[in-house]
Amino acid sequence: MEQFIYYLKVSLKGIKRAPLPYALTIFILSVGLGVFFANATFYYQLNSDPLPHKSDKLFFPMINLVPYQCTTDCRTPRVLSYSNVQKLSQSGIPTQAAAMYSADGYLRVNADQPPLPVSIRLTQRDFFTMFEVPLLHGSIWPDNSARLEVILTRASAEKLFGRTEVIGETLLLDDRNVTVSAVLDSWQMLPRLYDANNRNHLTDADDIYLPLETGYDMNYLSNSQSSTFDDTDYRQLSTQGRTGALHQLQYWVQLDTPAQQQAYRQFMHNLVMDEKAAGRHPSEPNNQLVAMQDIVSYFGGDSSDIKAFALVTLLFLLVCLFNASHLSLNRYLSNQYEFSLRRALGASRSQLQLQMLVDVLLMASFTIAGALLTGYAGIKLMNQLLPANRLFSDWDLPLLLGLLAIAVVCSYLVTLYPSLRASFGTLNQQLKE
Amino acid sequence: MIKLSNLSKIFRTELIETHALREVNLQVNEGEFAALTGPSGSGKSTLLNILGTLEHFDSGDYLLDGQSVKGLSDAALSKLRNEKIGFIFQSFNLIKDFSIYDNIELPLRYRGFNAAERKRRIEQALELVGLHARRDYLPGQLSGGQQQRVAIARAIAGEPRILLADEPTGNLDSLMARQVMELLEKINQQGCTILMVTHDPDQARRAGRHIQIIDGQLHDSTLYEPLAAHSA
Numbered sequence: 015m016e017q018f019i020y021y022l023k024v025s026l027k028g029i030k031r032a033p034l035p036y037a038l039t040i041f042i043l044s045v046g047l048g049v050f051f052a053n054a055t056f057y058y059q060l061n062s063d064p065l066p067h068k069s070d071k072l073f074f075p076m077i078n079l080v081p082y083q084c085t086t087d088c089r090t091p092r093v094l095s096y097s098n099v100q101k102l103s104q105s106g107i108p109t110q111a112a113a114m115y116s117a118d119g120y121l122r123v124n125a126d127q128p129p130l131p132v133s134i135r136l137t138q139r140d141f142f143t144m145f146e147v148p149l150l151h152g153s154i155w156p157d158n159s160a161r162l163e164v165i166l167t168r169a170s171a172e173k174l175f176g177r178t179e180v181i182g183e184t185l186l187l188d189d190r191n192v193t194v195s196a197v198l199d200s201w202q203m204l205p206r207l208y209d210a211n212n213r214n215h216l217t218d219a220d221d222i223y224l225p226l227e228t229g230y231d232m233n234y235l236s237n238s239q240s241s242t243f244d245d246t247d248y249r250q251l252s253t254q255g256r257t258g259a260l261h262q263l264q265y266w267v268q269l270d271t272p273a274q275q276q277a278y279r280q281f282m283h284n285l286v287m288d289e290k291a292a293g294r295h296p297s298e299p300n301n302q303l304v305a306m307q308d309i310v311s312y313f314g315g316d317s318s319d320i321k322a323f324a325l326v327t328l329l330f331l332l333v334c335l336f337n338a339s340h341l342s343l344n345r346y347l348s349n350q351y352e353f354s355l356r357r358a359l360g361a362s363r364s365q366l367q368l369q370m371l372v373d374v375l376l377m378a379s380f381t382i383a384g385a386l387l388t389g390y391a392g393i394k395l396m397n398q399l400l401p402a403n404r405l406f407s408d409w410d411l412p413l414l415l416g417l418l419a420i421a422v423v424c425s426y427l428v429t430l431y432p433s434l435r436a437s438f439g440t441l442n443q444q445l446k447e
Numbered sequence: 004m005i006k007l008s009n010l011s012k013i014f015r016t017e018l019i020e021t022h023a024l025r026e027v028n029l030q031v032n033e034g035e036f037a038a039l040t041g042p043s044g045s046g047k048s049t050l051l052n053i054l055g056t057l058e059h060f061d062s063g064d065y066l067l068d069g070q071s072v073k074g075l076s077d078a079a080l081s082k083l084r085n086e087k088i089g090f091i092f093q094s095f096n097l098i099k100d101f102s103i104y105d106n107i108e109l110p111l112r113y114r115g116f117n118a119a120e121r122k123r124r125i126e127q128a129l130e131l132v133g134l135h136a137r138r139d140y141l142p143g144q145l146s147g148g149q150q151q152r153v154a155i156a157r158a159i160a161g162e163p164r165i166l167l168a169d170e171p172t173g174n175l176d177s178l179m180a181r182q183v184m185e186l187l188e189k190i191n192q193q194g195c196t197i198l199m200v201t202h203d204p205d206q207a208r209r210a211g212r213h214i215q216i217i218d219g220q221l222h223d224s225t226l227y228e229p230l231a232a233h234s235a
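Heads up: the protein sequence lines correspond to chains W and A, in order. Just so we're aligned: the first sequence equals residues 15 to 447 in this note's numbering. Just so we're aligned: the second sequence equals residues 4 to 235 in this note's numbering.
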C-alpha cells in the first residue's frame, strides 16, 4: 500500500509537470469514449435479450392460410386470423400459448372523470407466465374465456386511483364497466419482442390487459396491423371477426424441447396440407416458426441507424486513441530522463511498469469520469434526435462494468506504448542530456 | 573488485564504426580511489557507463565482485546497480520537484527497504554530506555544490561497494569542487571503492591511482601519492 501511494505521488507529480498535455489527453479520451459509451448503450440495449433463458423456446408461428391465391407477394402474413389461431391452438403440443393484439381505448374511474387514453393488450392468460410478467396484486384470469375483467399496470393503477391496491374496483373502459382483477408490478420488457412483427418492440408496454375474447366482443380492432382477405366487415368484429379472414392476431407458443419444436412444425405442416386438401389453402405452403431470439432480424426490425452510428463512433474512438497516444508519447518522452535515472539507480523495467500501471489507473479514473459525463450528455442528445429509442438509454450494471473495462483498456493502450518507449531508452544518453 | 579482460566497445551507425574501447584490461581493487582521465572522446565516460552496467560491451568480460555481468538479465543488472554501485553525475541528476529526502530515497525504494530503514540510511547520508537541515528543500533551492552533495548522499545511502563518479566537480566552482573532493575522500576512507572521471589533473592527483585513457586504450596506470601526503 505504501508503495502504491508512492507511485500515486510520482504520477501526480508527473501530471503537475505538464498539466495541459495531460488534460488534453484526458479530454480527447473522454470525448472518444463518451461518444462510444452513448452509442454502445443504445446498441447493447437494443440488441439485448430480455428473456435469455427462454428466448430460444418461445416461437412465433405463421401460416399463409388465407382464402386468396397469391401471385406476386407470397410472404406468409405477419398476423393470423382468429380461426387460424383456433386451429393452431388445437395441437396440445406447446407448454404455453397465447394469442394477442393491441388496441386503443379510453379509461376512467367513473363517467364524471375525463377519459384517459390507454393502450390495451388483448391477450390470453398464458401471456403473463410466458413473458414472465410480475404480479403485484390479484390474480390472472383463470381461463381464456371472455370476462369484463381488466389487469392494470402499476403505473395505470397509480394514475387512475393514486394507489395499487385496487382489486375489485370498477372502471369504465370506453362504454363498458370492467372490474380490476389484478395489478402488475413494474415491468418493462426491453425490447418488447412479442410485438416485433409489428415493429413495435422499441415502444412502451401497454397500459392495461383485457381478455382476447372480450376484446373481440367489444369490437376492438388492432391498432397495429389488420388485413382482411375476404369481405369480412372489420367494424363488426364481435360478429364476423371470429369467422372471417380478418388477420390481426399475434400468436406465441412455448416449445421447451427440440422434440416439441419438431412436433409443432409437423403439426403446422399437417394442418396446412389438410386445409389445402379441403380447398381452403390455395397458396403454396410457407409455414414459419420463428424463435423469439431471431424475431427482430426476421422481420427486418434491426436498428440500422444505430449500427451505422456504432461503426462511426468506433472509428472516432480509434482516432481519439491515436491522438491521445501521441500526446501521451510526447509527455513520456519529456520524462524519459527520469525513467533513465530511476533505472540507473536500480529500478528494473518491471518496477517501472508498476509505476506505469498506477499512471494507467489514474488516467482511467479521470477518463471514466469524463467519459461518463460525455456519454450521459450524448445519450440525452440522441434521445432528442432519435426519440423512438429513448427506452434503451439506461445503464445497467453489466453495461456499466463493460464500459468501465473499455475505459481502463483504452487508458492502458494510450499509456503502454509511450511508457515502454520511455523505459527502453538508452540510459547513459538520457542521463548525459 | 573490478576486473576487465580484453573489453571492447564499438559504436555503430549505418556509415561508420567507432571503436570506443579497445581490448581494455583493468583491475581495480577494493578500497581504491582511482581517477580516470583522458581527452574528450577518448572513451572514459563509455568505460564508466560499462562499469556501471548502463551500457553493454561487445567483447571481453567484466567481473564485478567476482561475478561476470555478461549475459545478466535486465532485472539482475538493475539489482546489481542498486545494491553494489552508486552513481554521481556531472549534472547531479536530481529530480527537480522531489525534495532532497525523496531524491535520496529513490534507490532505497527499489532496494525494498522498509520506511524506517530508509529513514535511517537517508539521515545517515545527509549527516555525512552536511545537509541534514535541508532535507525538505527542493534541489532548485540549493547551490550547485550542495546539489552535488545531495547526489553523493543518494549514491552512498545504499552503502554500495563502488562509487562511479562522472566529472562530479565539472559544474562546480573551485571552492565547491574542493568540498566535493574532500567528501569523496572521506567516503573512500570509509572503505568505498571510487572510480572518478575527471579532466582536472589536480583532482586526479588527489586520487590514489590515476588511469589514463586515450583512443579507447589504457595507456598507463600510475600510482600517485595522495595530495594530502604531498602537502605534508
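Don't be surprised by glycine CBs; every beta carbon is placed ideally from N, CA and C.
Can you list, in chain order, the stretches of the alpha helix (DSSP H) that have 4 or more residues and sit fully within the stretch 64 to 123 of chain A? With a minimum length of 4 residues, the continuous alpha helix (DSSP H) runs that stay inside the stretch 64 to 123 of chain A are 77 to 87 and 103 to 114.
A/His213 classed as buried or exposed, judged by whether at least 16 other C-beta atoms fall within 10 angstroms: Taking the first residue of the second sequence as 1, we reach residue 213 of chain A at position 210. Buried is the call here.
Reduced DSSP category for W/His67 - H, G, I as helix; E, B as strand; rest coil: Mapped onto the first sequence, residue 67 of chain W falls at position 53. In the structure shown, W/His67 sits in coil (DSSP, three-state: anything other than H, G, I, E or B).
By how many angstroms is the C-alpha of W/Tyr115 removed from the C-alpha of W/Ser95? Sequence index remark: in the first sequence, residue 95 of chain W carries index 81 (1-based). Sequence index remark: in the first sequence, residue 115 of chain W carries index 101 (1-based). Their Cα atoms are separated by approximately 11 Å.
In chain W, which residues lie less than 8 Å from A/Ser247 when you measure between Cβ atoms? Absent from the model: residue 247 of chain A. The displayed extent of chain A is 4 to 235, so no value can be given.
Selection from A/Glu26, A/Asn32, A/Ala38 and A/Gly34 that minimises the alpha carbon distance to A/Ala207: Position 204 of the second sequence, counting from 1, holds the residue named residue 207 of chain A. Out of A/Glu26, A/Asn32, A/Ala38 and A/Gly34, A/Ala38 has the C-alpha closest to the C-alpha of A/Ala207.
Secondary structure of W/Phe243, DSSP reduced to three states: Along the first sequence, read from residue 1 onward, the residue named residue 243 of chain W stands at position 229. If DSSP states are grouped into helix, strand and coil, W/Phe243 belongs with coil.
Give the straight-line distance between the Cα atoms of W/Ile154 and W/Leu371, rounded to the nearest whole angstrom. Taking the first sequence and counting its residues from 1, the one referred to as residue 154 of chain W is at position 140. Taking the first sequence and counting its residues from 1, the one referred to as residue 371 of chain W is at position 357. One C-alpha to the other measures close to 57 Å.
Going by alpha carbons, who is nearest to W/Lys173 out of W/Asn214, W/Arg161 and W/Pro131? As a first step, residue 173 of chain W must be located in the first sequence, where it is residue number 159. Closest option to W/Lys173, Cα to Cα, is W/Pro131.
Output, in chain order, the set of chain W residues within a Cβ distance shorter than 7 Å of A/Tyr113. Residue 113 of chain A sits at position 110 when you count from the first residue of the second sequence. Contact note: A/Tyr113 reaches chain W through Leu359, Gly360, Ala361 and Gln365, using a C-beta cutoff of 7 Å and chain order.
Measuring CA to CA, which of W/Gln127, W/Val164 and W/Glu179 is closest to W/His151? Here residue 151 of chain W corresponds to residue number 137 of the first sequence, with the count starting at 1. Of the candidates W/Gln127, W/Val164 and W/Glu179, the one whose C-alpha sits nearest the C-alpha of W/His151 is W/Glu179.
Min CB distance W/Glu16 to chain A below 8 Å: Stepping through the first sequence from its first residue, residue 16 of chain W is reached at position 2. Yes, W/Glu16 counts as interfacial toward chain A.
So within the stretch 163 to 218 of chain A, which uninterrupted beta strand (DSSP E) runs reach at least 3 residues, ignoring any that extend past its ends? Secondary structure in the stretch 163 to 218 of chain A: the beta strand (DSSP E) runs of 3 residues or longer, each lying completely within the stretch, are 165 to 169, 196 to 200 and 212 to 217 in chain order.
Does the beta-carbon distance from W/Leu405 to W/Leu204 come in below 8 Å? Your numbering for residue 405 of chain W matches position 391 in the first sequence. Your numbering for residue 204 of chain W matches position 190 in the first sequence. Contact flag set, yes.
Note down, in chain order, every chain A residue with its Cβ under 9 Å from the Cβ of W/Glu352. Residue mapping note: residue 352 of chain W aligns to position 338 of the first sequence, counting from 1. The contacting residues are Ile98.
Taking just the CA atoms, how far does A/Asp176 sit from A/Gln93? Along the second sequence, one-based indexing puts residue 93 of chain A at 90. Along the second sequence, one-based indexing puts residue 176 of chain A at 173. Using only the alpha carbons, I get a separation of about 13 Å.
Strictly under 8 Å for the Cβ-Cβ distance: is A/Ala118 near chain W by that measure? Translated into positions along the second sequence, residue 118 of chain A becomes position 115. Among the residues facing chain W, A/Ala118 is included, as its CB has a counterpart in that chain under 8 Å away.
Can you look up W/Leu22 in the DSSP assignment and give me helix, strand or coil? Within the first sequence, numbered from 1, the residue matching residue 22 of chain W stands at position 8. DSSP places W/Leu22 in helix when its eight states are reduced to three.
For the structure I just gave you, are there three or more beta carbon pairs, one from the stretch 42 to 62 of chain A and one from the stretch 9 to 17 of chain A, closer than 8 Å? At 8 Å Cβ cutoff, the stretches touch.
Have a look at W/Arg213 and W/Leu386 and give me their C-alpha separation to the nearest angstrom. By one-based count along the first sequence, residue 213 of chain W stands at place 199. By one-based count along the first sequence, residue 386 of chain W stands at place 372. The alpha-carbon of W/Arg213 is positioned some 31 Å away from that of W/Leu386.
Any beta carbon of chain A sitting closer than 8 Å to that of W/Tyr20? Counting from 1 along the first sequence, the entry for residue 20 of chain W is found at position 6. Chain A contact via Cβ: present.
Hey, how far is the Cα of A/Asn9 from the Cα of A/Gln220? As a working mapping, residue 9 of chain A is identified with position 6 in the second sequence. As a working mapping, residue 220 of chain A is identified with position 217 in the second sequence. Approximately 10 Å, taken between the alpha carbons.
Would you say A/Arg123 faces chain W, with C-beta separation under 8 Å as the test? To locate residue 123 of chain A, count along the second sequence from 1; it is residue 120. Chain W contact via Cβ: absent.
Could you name the residues of the same chain whose beta carbon sits closer than 7 Å to that of A/Glu33, not counting the 5 residues immediately before and after it, in chain order? As a working note, residue 33 of chain A is residue 30 in the second sequence. Taken in chain order, the residues that qualify are Met4 and Thr196.
Quick check on W/Arg345 - is its C-beta less than 8 Å from some C-beta in chain A? Translated into the one-based positions of the first sequence, residue 345 of chain W becomes position 331. At least 8 Å separates the CB of W/Arg345 from every CB of chain A.
I need the straight-line Cα distance from A/Glu126 to A/Val153, nearest angstrom please. The sequence position of residue 126 of chain A within the second sequence is 123, counting from 1. The sequence position of residue 153 of chain A within the second sequence is 150, counting from 1. Using only the alpha carbons, I get a separation of about 12 Å.
Under 8 Å between C-beta atoms, does W/Arg31 make it to chain A? Here residue 31 of chain W refers to the residue found at position 17 when the first sequence is read from its first residue. Chain A contact via Cβ: present.
Could you tell me which chain A residues have their CB closer than 9 Å to the CB of W/Lys27, listed as they occur along the chain? In the first sequence, residue 27 of chain W corresponds to position 13, counting from 1. For the C-beta of W/Lys27, the chain A residues within less than 9 Å are, from N- to C-terminus, Ile98, Asp100 and Phe101.
In the DSSP assignment, what are the bridge partners of W/Gly119? Along the first sequence, read from residue 1 onward, the residue named residue 119 of chain W stands at position 105. W/Val132, per the DSSP bridge assignment.
W/Ile42: buried (16+ other C-beta within 10 angstroms of its C-beta) or exposed? As a working mapping, residue 42 of chain W is identified with position 28 in the first sequence. The C-beta of W/Ile42 has 16 or more other C-beta atoms within 10 Å across all chains shown, which makes the residue buried.
Along the stretch 189 to 219 of chain A, what residues have a CB closer than 8 Å to any CB found in chain W? Answer in chain order: no residues at all.
Buried versus exposed, by CB contacts within 10 Å (16 or more), A/Thr40: Along the second sequence, read from residue 1 onward, the residue named residue 40 of chain A stands at position 37. By the 10 Å Cβ count, A/Thr40 comes out buried.
Please classify W/Glu227: does DSSP put it in a helix, a strand, or coil? Taking the first residue of the first sequence as position 1, residue 227 of chain W is located at position 213. Note: W/Glu227 maps to helix in three-state DSSP.
Pull up the distance between the alpha-carbon of A/Arg114 and that of W/Gly360, whole angstroms please. In the second sequence, the residue the question calls residue 114 of chain A occupies position 111. In the first sequence, the residue the question calls residue 360 of chain W occupies position 346. Rounded to the nearest angstrom, the two C-alpha atoms are 8 Å apart.
Measure the CB-CB distance between W/Leu450 and W/Pro35 and report whether it falls below 8 Å. This structure leaves residue 450 of chain W out entirely; chain W is present only between 15 and 447.
Per DSSP, what kind of secondary structure is W/Asn214 in: helix, strand or coil? The sequence position of residue 214 of chain W within the first sequence is 200, counting from 1. If DSSP states are grouped into helix, strand and coil, W/Asn214 belongs with coil.
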